[in-house]
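Reading through the structure tokens given below for one structure.
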Amino acid sequence: MNSEILKKYISRLEISLFRRVPVIHQTESSECGIACLAMVFGHYGKSIDLFSLRQQFNISSRGATLYSIRTIAVQMGMTARALSLDLNELNVLRRPCILHWNFNHFVVLVSVKRNGFVLHDPARGRIIVSKAEASKCFTGIALELWPGSTFRRERVKKRLNLVTLINSIHGIKGALLKIFALSIVVEAIGLILPAGTQLVMDHALPAGDRGLLSMICIGHMFFIY
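Written out as structure tokens, the structure reads:
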């Protein structure tokens with residue numbers, strides 16, 4: 001039993017020392033929080049894409065809050081600790097960790113250098129920011145994350161199907177409904193115009209009915225324009 005526990009801790013130590021932090025880009029502005037979470041997961045051996053995270057935890061279209069990020073991390077087997085600290089205290093944090101940035105964004109702190117910080121920004125990729133820039137952007141809130149006793153290294157990738165894809169795209173249902181309604185209107189026009197032309201040829205012209213002819217012409221103009 002003791003040897004198994006020792007192997008487990010050695011394995012975690014190897015992950016922490018040798019695995020790089022992946023760069024995961026957000027596909028929309030509201031995904032910065034879960035993108036940061038996916039980067040930290042990847043560092044510790046759990047590879048999971050943003051689509052799977054969004055579907056599994058029903059992320060709001062407005063994005064994830066620090067509280068929801070922490071909740072997801074704990075549910076995925078991580079230990080999480082939110083901290084309020086100054087910029088000069090970032091070097092004591094367990095890294096990689098998540099920083100609240102510009103009051104509307106999240107980034108991953110990868111390492112602390114003498115003159116700045118190495119960050120993985122879901123919007124910009126791997127960047128190095130100076131202490132002056134960081135002092136303007138860092139809000140003083142950080143989230144430390146590390147594997148808990150139930151954390152499992154794995155590759156999580158949900159199979160994509162058409163219904164799930166449609167449901168995951170915000171606003172697509174309304175757009176599809178408008179396209180469907182427009183196609184019905186176009187089809188109706190395509191049926192009405194030939195019928196009106198046939199009516200003119202069969203009835204209005206032989207009978208010399210100017211009133212009917214005028215009405216049909218006005219109807220044609222209405223549908224055309």
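Counting in full-length UniProt numbering, the sequence shown runs from 1 upward without gaps.
The beta carbon of each residue, even a glycine, is placed where N, CA and C say it ideally should be.
Label residue i either buried or exposed according to how many other C-beta atoms from any shown protein chain fall within 10 Å of its C-beta, with 16 as the threshold for buried.
i	result
K46	buried
A35	buried
E144	buried
R124	exposed
A188	exposed
E14	Confidence at E14 is low in this model, with a pLDDT of 47, below 50, so its placement is unreliable and no value can be given for it.
L83	exposed
Alpha carbon to alpha carbon, what distance is there between residue j and residue i?
i	j	result
A64	N115	31 Å
C97	V118	12 Å
Q26	H120	11 Å
I73	L37	Going by the sequence as given, residue 73 is Ala instead of Ile. Spanning the two alpha carbons is a distance of roughly 7 Å.
L93	S60	28 Å
L176	V186	15 Å
V108	F51	19 Å
V112	D86	14 Å
R95	A142	11 Å
P122	E28	10 Å
R19	N88	26 Å
residue 226	I184	What is shown of the chain runs 1 to 225, which leaves residue 226 out entirely.
L90	Q55	32 Å
V40	I127	16 Å
E154	V23	18 Å
T150	S135	36 Å
I48	M78	14 Å
Q75	R152	12 Å
Identify which residue in the options has its Cα closest to the Cα of residue i.
i	options	result
N58	R153, P147 and E31	E31
C137	T150, A80 and W101	W101
P147	R20, G42, V23 and G33	G42
N104	T71, G140, M76 and R81	G140
R81	R70, L90 and Q75	R70
L66	M39, L99 and R153	L99
G33	I24, F106 and M39	F106
key: the region 119-131 contacting the region 180-188, beta-carbon criterion three pairs below 8 Å   = no
Alpha helix (DSSP H) segments (min. 4 residues) lying fully within the region 15-59 = 32-43 and 50-57
inquiry  = For a minimum of 4 consecutive residues, which ranges assigned as the alpha helix (DSSP H) are wholly contained in the region 94-153?
reply    = 131-137
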